[in-house]
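Numbering (our numbering), first residue to last: 0 to 386.
Written out as structure tokens, the structure reads:
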């Protein structure tokens, strides 16, 4: 519930409120708004490893409340800003504050229920991601100040829930940073074959972020209302399928959900390009993409959880999230450059090719639990480069 309320506010503010408020009300340039959004996500990614380290050493309740305070200060700074630097700083503080909440949720995953619980977390996230921007668009019509206070009240509701949260996740970490890193290193050694896929899959998704509206209008021939219907079709299918897919991956294993999911994502993107000027075909492709995404997310994050040491979940998830964040930061830059130099459809083909490569890569890579530190070292010394 804390994740839901904070992500509703974050998504509403960053995606809908911030661009409109900064450009229309404050008269801040579009370039400054774009920089603020980029800095927000960079801050979110960059803080994860540090936040994870702190979560392993201090009480989770303290980290949670400090994080919520930082995000709330950032929300106010961005709204009451009169200068671009205040807007950018506020957006960065929101990213810094919300990021640890993800790590706390991921650290709560229980053995034997990894897929289904990952599905639950991502269902909550997707629901908040859809509700926030859509709902705030209706409130903006009544004024920016009212919209800000609505967001502030929603955030405060999440903070009130946090006051009643009793953390029983794990003992507080007493190891030094060096000892923690030495223990985590064995897990990172074991997951070396998965690192290319970690970066490529987030980069493949990031490629599409800057070109989707252009693709919808210019290539697919969709109006704004039709584009909304397509997004709703994909989002609803994803949300409905996440928990069932997570439970099935717990029962049947992760590998084939990853191979099948990434293959279907690649085919869905190609099908999306071929569905131009056919609304129902485009919605069908969006539904296929949503179902494929739902198959991948729980299985992938459940697989990653095996590489997180049980006694340092915060730092482990922080490091893994930072590695994945490389693709999130690089993907939009490449996608925007390719679209501006060629066409938006070329970016989609590139993303589909990357997803197909990832599916083939996971097909050829054994996906099993990592060995203990000594066994990993022994295999590394023998020159075995697979899991």
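A virtual CB, placed ideally from N, CA and C, is assigned to each residue, including glycine.
Report the CB separation of residue i from residue j in whole angstroms; it is logged as a contact under 8 Å.
| i | j | result |
| --- | --- | --- |
| residue 102 | residue 51 | 5 Å |
| residue 282 | residue 232 | 4 Å |
| residue 13 | residue 205 | Going by Cβ atoms, the distance from residue 13 to residue 205 rounds to 15 Å, so no, they are not a contact pair. |
| residue 86 | residue 21 | 6 Å |
| residue 398 | residue 320 | The chain is shown only over 0 to 386; residue 398 falls outside these bounds and no answer can be derived. |
| residue 63 | residue 161 | 6 Å |
| residue 347 | residue 268 | 5 Å |
Looking only at its chain, what residues have a beta carbon closer than 6 Å to the beta carbon of residue i, apart from the 5 residues adjacent to it on each side?
| i | result |
| --- | --- |
| residue 364 | 192 |
| residue 290 | 236, 240 |
| residue 401 | Nothing about residue 401 can be read from this structure; the chain reaches only from 0 to 386. |
| residue 296 | 121 |
| residue 116 | 108 |
| residue 203 | 350, 353, 354 |
| residue 270 | 284 |
| residue 381 | Model confidence at residue 381 stands at a pLDDT of 30, short of 50, so the residue's coordinates are unreliable and nothing is read from them. |
| residue 323 | 197, 201 |
| residue 293 | 237, 240, 241, 244 |
| residue 132 | 10, 11, 14, 15 |
| residue 274 | 280, 281, 284 |
| residue 226 | 215 |
| residue 230 | none |
Whole angstroms is fine: what's the gap from residue i's alpha carbon to residue j's?
| i | j | result |
| --- | --- | --- |
| residue 17 | residue 39 | 11 Å |
| residue 92 | residue 11 | 16 Å |
| residue 325 | residue 280 | 33 Å |
| residue 96 | residue 154 | 12 Å |
| residue 300 | residue 278 | 33 Å |
| residue 49 | residue 199 | 24 Å |
| residue 70 | residue 247 | 36 Å |
| residue 371 | residue 42 | In this prediction, residue 371 has a pLDDT of 45, which is less than 50 and means its spatial position is unreliable; what the coordinates show is noted afterwards. Taking the straight line from one Cα to the other gives about 33 Å. |
| residue 215 | residue 334 | 15 Å |
| residue 58 | residue 66 | 13 Å |
| residue 6 | residue 99 | 12 Å |
| residue 287 | residue 250 | 22 Å |
| residue 0 | residue 159 | 11 Å |
| residue 26 | residue 19 | 10 Å |
| residue 224 | residue 35 | 27 Å |
| residue 47 | residue 56 | 14 Å |
| residue 165 | residue 60 | 8 Å |
| residue 220 | residue 138 | 29 Å |
| residue 266 | residue 276 | 18 Å |
| residue 163 | residue 68 | 16 Å |
| residue 390 | residue 194 | No answer is possible for residue 390: the residues shown for the chain start at 0 and end at 386. |
| residue 255 | residue 234 | 23 Å |
| residue 144 | residue 23 | 13 Å |
| residue 3 | residue 130 | 10 Å |
| residue 217 | residue 140 | 28 Å |
| residue 400 | residue 211 | An answer regarding residue 400 cannot be provided, because it is not within the stretch 0 to 386 covered by the chain. |
| residue 94 | residue 332 | 19 Å |
| residue 359 | residue 142 | 50 Å |
| residue 222 | residue 152 | 34 Å |
DSSP three-state call for residue i: helix, strand or coil?
| i | result |
| --- | --- |
| residue 92 | helix |
| residue 143 | helix |
| residue 82 | coil |
| residue 404 | The question about residue 404 has no answer, for the chain in this structure spans 0 to 386. |
| residue 44 | helix |
| residue 0 | coil |
| residue 275 | coil |
| residue 253 | coil |
| residue 219 | coil |
| residue 136 | helix |
| residue 27 | coil |
| residue 210 | coil |
| residue 108 | coil |
| residue 164 | coil |
Looking only at its own chain, which residues have a Cβ that is under 7 Å from the Cβ of residue i, when we skip the five neighbours before and after it?
| i | result |
| --- | --- |
| residue 434 | With the chain covering 0 to 386 only, the question about residue 434 has no answer from this structure. |
| residue 257 | 295, 298, 299, 361 |
| residue 387 | In the structure as shown, the chain starts at 0 and stops at 386, and residue 387 therefore has no counterpart that could be examined. |
| residue 147 | 78 |
| residue 72 | 92 |
Cutting at 8 Å between CB atoms, please list the residues of its own chain near residue i, excluding the five before and the five after it.
| i | result |
| --- | --- |
| residue 150 | 8, 11, 12, 16, 74, 135 |
| residue 213 | 338, 343 |
| residue 118 | 241, 242, 243, 244, 245, 246, 293, 296, 297 |
What I want to know is whether the C-beta of residue i ends up closer than 8 Å to one or more non-hydrogen atoms of the ligand GDP.
| i | result |
| --- | --- |
| residue 283 | What this structure holds is no ligand at all, so the ligand GDP is not there to describe. |
### Query
Can you find at least 3 beta carbon pairs, one from the region 75 to 82 and one from the region 115 to 135, that sit closer than 8 Å?
no
### Message
Check whether the region 248 to 266 and the region 340 to 359 touch, using three or more Cβ-Cβ pairs below 8 Å as the test.
### Response
Yes, the region 248 to 266 is in contact with the region 340 to 359.
### Task
Could you say if the region 126 to 138 and the region 339 to 346 meet the contact criterion of at least three C-beta pairs nearer than 8 Å?
no
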